[in-house]
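Enquirer:
Numbering (the working numbering), first residue to last: 142 to 337.
(1) Between which residues of its own chain and residue 319 is the CB-CB distance below 8 Å, once the five residues before and five after are set aside?
(2) Check whether the segment 182–198 and the segment 257–267 touch, using three or more Cβ-Cβ pairs below 8 Å as the test.
(3) Find the nearest neighbour of residue 294 within the set 248, 263 and 267, judged by alpha-carbon distance.
(4) Within 8 Å, do at least three Cβ pairs link the segment 199–217 to the segment 147–158?
(5) Is the beta carbon of residue 170 sitting closer than 9 Å to the one on residue 278?
(6) Determine the direct distance from the alpha carbon of residue 281 to that of residue 359, and round the result to whole angstroms.
(7) Look at the alpha carbon of residue 186 and the alpha carbon of residue 246, and state the distance between them as a whole number of angstroms.
(8) In this structure, does DSSP put residue 166 in helix, strand or coil?
(9) What separation, rounded to the nearest whole angstrom, lies between the Cα atoms of residue 177 and residue 220?
(10) For residue 230, count the other beta carbons within 10 Å of its own beta carbon; 16 or more makes it buried, fewer makes it exposed. Which is it?
(11) Give me the residue from 264, 188, 284 and 276 with the minimum Cα distance to residue 153.
(12) Compare the Cα-Cα distances from residue 274 to each of 163, 224 and 183 and report the closest residue.
(13) Exposed or buried, what is residue 146 when buried is set at 16 or more other beta-carbons lying within 10 Å of its beta-carbon?
(14) Go through its chain and collect everything with a Cβ distance to residue 181's Cβ below 8 Å, but skip five positions before and after it.
(15) Residues in the same chain with beta-carbon distance under 7 Å from residue 149, minus the five sequence neighbours each way, listed in chain order, please.
(16) With a Cβ-Cβ cutoff of 9 Å, do residue 239 and residue 208 count as a contact?
(17) My output table needs one value for residue 228: the three-state DSSP class, helix, strand or coil.
(18) Tell me the rounded alpha-carbon separation between residue 139 and residue 302.
Right, dumping it as structure tokens:
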């Protein structure tokens, strides 16, 4: 069984744990939570509403596809087989990793959203840290992560094929639309007042 081999490797890696790394990766666990995704989507919808709605649909598809596959394969998480490996406890089965799916989606957004060269460093760092954190915390096997990457890539590629996400700068934000409307309304009110 492949999980037996992975458990041996995970147990070996646990020897290099530290209190700092425990706290650091435990904090990263919050990056795979409903509040985090809701805040991220809210900001994106306010800044780029059309893109935000597309990404919202992408997250919904990712969640339900992941949940369907988890229930179908019904594979355990590392700490289900070895409780000593689990720094945090999460519900449900482990395969595929929903966090890995989201890491692919969000990294892709970072690359497409920002224009400077640092976007690649930020995207790759986010992608790697989230993926590594799931293994370090004992909530996913390597195979869970790889499957999550693959599913995330398929979803992002599919969405981009039908609804391109590479024209952020051409899309008006809700905030800018509100600002423009408010300025026009203010000028109109001043014009009416001057006429009177």
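Glycine included, each C-beta is placed from N, C-alpha and C at the ideal position.
Expert: Looking at the coordinates:
(1) Here residue 319 is taken as the residue at index 178 of the chain shown, counted from 1. Bear in mind that the predicted position of residue 319 carries a pLDDT of just 47, short of 50, making it unreliable; the figure below should be weighed with that in mind. Here the set comprises nothing.
(2) no
(3) The count along the chain shown starts at 1 and reaches residue 294 at position 153. The shortest C-alpha separation from residue 294 is found at 248.
(4) no
(5) Here residue 170 is taken as the residue at index 29 of the chain shown, counted from 1. Here residue 278 is taken as the residue at index 137 of the chain shown, counted from 1. Yes, Cβ-Cβ distance for residue 170 and residue 278 is below 9 Å.
(6) It is not possible to answer for residue 359, since the shown part of the chain is limited to 142 through 337.
(7) Within the chain shown, numbered from 1, the residue matching residue 186 stands at position 45. Within the chain shown, numbered from 1, the residue matching residue 246 stands at position 105. When rounded, the distance between both Cα atoms is 16 Å.
(8) Along the chain shown, read from residue 1 onward, the residue named residue 166 stands at position 25. Residue state, collapsed to three classes: helix.
(9) As a working mapping, residue 177 is identified with position 36 in the chain shown. As a working mapping, residue 220 is identified with position 79 in the chain shown. The straight-line gap from Cα to Cα measures roughly 24 Å.
(10) The count along the chain shown starts at 1 and reaches residue 230 at position 89. Residue 230 comes out exposed.
(11) Taking the first residue of the chain shown as position 1, residue 153 is located at position 12. For residue 153, the nearest C-alpha among the options comes from 276.
(12) The sequence position of residue 274 within the chain shown is 133, counting from 1. Residue 163 is the option with its Cα nearest to residue 274.
(13) To locate residue 146, count along the chain shown from 1; it is residue 5. Residue 146 should be labelled exposed.
(14) As a first step, residue 181 must be located in the chain shown, where it is residue number 40. Answer for residue 181: 247, listed in chain order.
(15) For this step, residue 149 is matched to residue 8 along the chain shown. Cβ within range, chain order: n/a, list empty.
(16) Here residue 239 refers to the residue found at position 98 of the chain shown. Here residue 208 refers to the residue found at position 67 of the chain shown. Their beta carbons are under 9 Å apart, which means residue 239 touches residue 208 by this criterion.
(17) For this step, residue 228 is matched to residue 87 along the chain shown. Three-state result, residue 228: coil.
(18) The chain is shown only over 142 to 337; residue 139 falls outside these bounds and no answer can be derived.
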